[in-house]
Amino acid sequence: MRPAHHALLVIDVQNDFCEGGALAVSGGASIVTKINAAMAQFANVILTQDWHPSGHSSFASAHRDKLPFDTFEAPYGLQVLWPDHCVQGSTGAQFHPDLRTDGDLILRKGYNREIDSYSAFFENDRTTPTGLDGYLRSRGITDLTLVGLALDYCVNFSAQDAARLGFQVTVDTTMSKAIDMAGSLEAARSDMRAAGVTLV
Ligand code: VGL
Ligand code: ZN
1 MRPAHHALLV IDVQNDFCEG GALAVSGGAS IVTKINAAMA QFANVILTQD
51 WHPSGHSSFA SAHRDKLPFD TFEAPYGLQV LWPDHCVQGS TGAQFHPDLR
101 TDGDLILRKG YNREIDSYSA FFENDRTTPT GLDGYLRSRG ITDLTLVGLA
151 LDYCVNFSAQ DAARLGFQVT VDTTMSKAID MAGSLEAARS DMRAAGVTLV
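Sequential numbering of the sequence shown, starting at 1, is according to the UniProt record's numbering.
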């Protein structure tokens, strides 16, 4: 059992990021069994859930003349445009059916129509907080292990933010899978290391 000041953060293990989903990450479903076993080792387990309103600004379908994986210049910076995914209340937004969901907190993110939120700590404008920092701090949590989907997007941004906020952060890459487009996985690995994240 891990000490009480160490939490497991399970990022976006949802149907749409697993095989057959709208934004499927190769091998997504394959990490579920191992994550379930890891949850038993932590007294604090937090799950995040990507949770977009329909017509969300990160969806290519919300923009004229854009296709999934194009980019657009959002007010807060360059934003990748995705296929419609994790729409609030949809089957795709549900957790993988085999994932244990008896954690302490389920944190939803990406619910602001005009701002995407890769990180579990800050939306993509890099300033709007989700409240997770305060939740962890007020519970005395100092160490975090992150796992889930996708390693190069939501796990990556969450891990970097956590490290910058002063948490001791480990990303377990054996329980994470990447979208890996245009070198995004290698960039994510080096950015995480530069931010002080330990990759195992
Ligand atoms: C994610 C792209 C769009 C993720 C979420 O969970 O990594 N990626 N929305
Ligand atoms: Zn999303």
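For glycine and all other residues, C-beta sits at the position ideal for the given N, C-alpha and C.
State yes or no: is the C-beta of Cys18 nearer than 7 Å to some heavy atom of the ligand ZN?
-> What you label residue 18 is simply residue 18 of the sequence shown in a count that begins at 1. No, the ligand ZN has no heavy atom inside 7 Å of this Cβ.
Run through the segment 13 to 96 for me and flag every whole alpha helix (DSSP H) of 4 or more residues, listed as ranges in chain order. Restricted to the segment 13 to 96, the alpha helix (DSSP H) segments that are unbroken, complete and at least 4 residues in length are 32 to 39, listed in chain order.
Fill in: residue 224 beta carbon near the ligand VGL (any heavy atom closer than 7 Å)
Residue 224 lies beyond the stretch modelled for the chain, which goes from 1 to 200, so this question has no answer here.
Margin query: Buried or exposed, going by whether 16 or more other CB atoms sit within 10 Å of the CB of Val190?
Written below: Walking along the sequence shown from the start, residue 190 turns up at place 190. First, the amino acid is wrong: residue 190 is Ser here, not Val. Counting Cβ neighbours within 10 Å, Ser190 comes out exposed, since fewer than 16 surround it.
Under 8 Å between C-beta atoms of Val32 and Leu99: For this step, residue 32 is matched to residue 32 along the sequence shown. For this step, residue 99 is matched to residue 99 along the sequence shown. Closer than 8 Å, so yes.
(Q) the ligand VGL and Leu136: does the residue's C-beta get closer than 7 Å to at least one heavy atom of that ligand? (A) What you label residue 136 is simply residue 136 of the sequence shown in a count that begins at 1. In terms of side-chain proximity, the C-beta atom of Leu136 is found no nearer than 7 Å to any non-hydrogen atom of the ligand VGL.
- Query: Could you give the distance in angstroms between the alpha-carbon of Leu149 and the alpha-carbon of Lys66?
  - Reply: Residue numbering aside, residue 149 sits at position 149 when the sequence shown is read from its first letter. Residue numbering aside, residue 66 sits at position 66 when the sequence shown is read from its first letter. Spanning the two alpha carbons is a distance of roughly 24 Å.
| request: Counting only the same chain and skipping the five closest in sequence on each side, list residues whose C-beta sits under 7 Å from that of Asn124. | output: Your numbering for residue 124 matches position 124 in the sequence shown. Hits under 7 Å: Tyr76, Gln79, Ile115, Asp116, Ser117 and Tyr118.
### Query
What whole-angstrom Cβ distance do Asp133 and Val45 have, given they're in contact under 8 Å?
Residue mapping note: residue 133 aligns to position 133 of the sequence shown, counting from 1. Residue mapping note: residue 45 aligns to position 45 of the sequence shown, counting from 1. Cβ atoms of Asp133 and Val45 stay farther apart than 8 Å, at about 17 Å.
With three or more beta-carbon pairs closer than 8 Å as the criterion, would you say the segment 80 to 90 touches the segment 47 to 63? Judged by Cβ distances under 8 Å, the segment 80 to 90 makes contact with the segment 47 to 63, as three or more pairs qualify.
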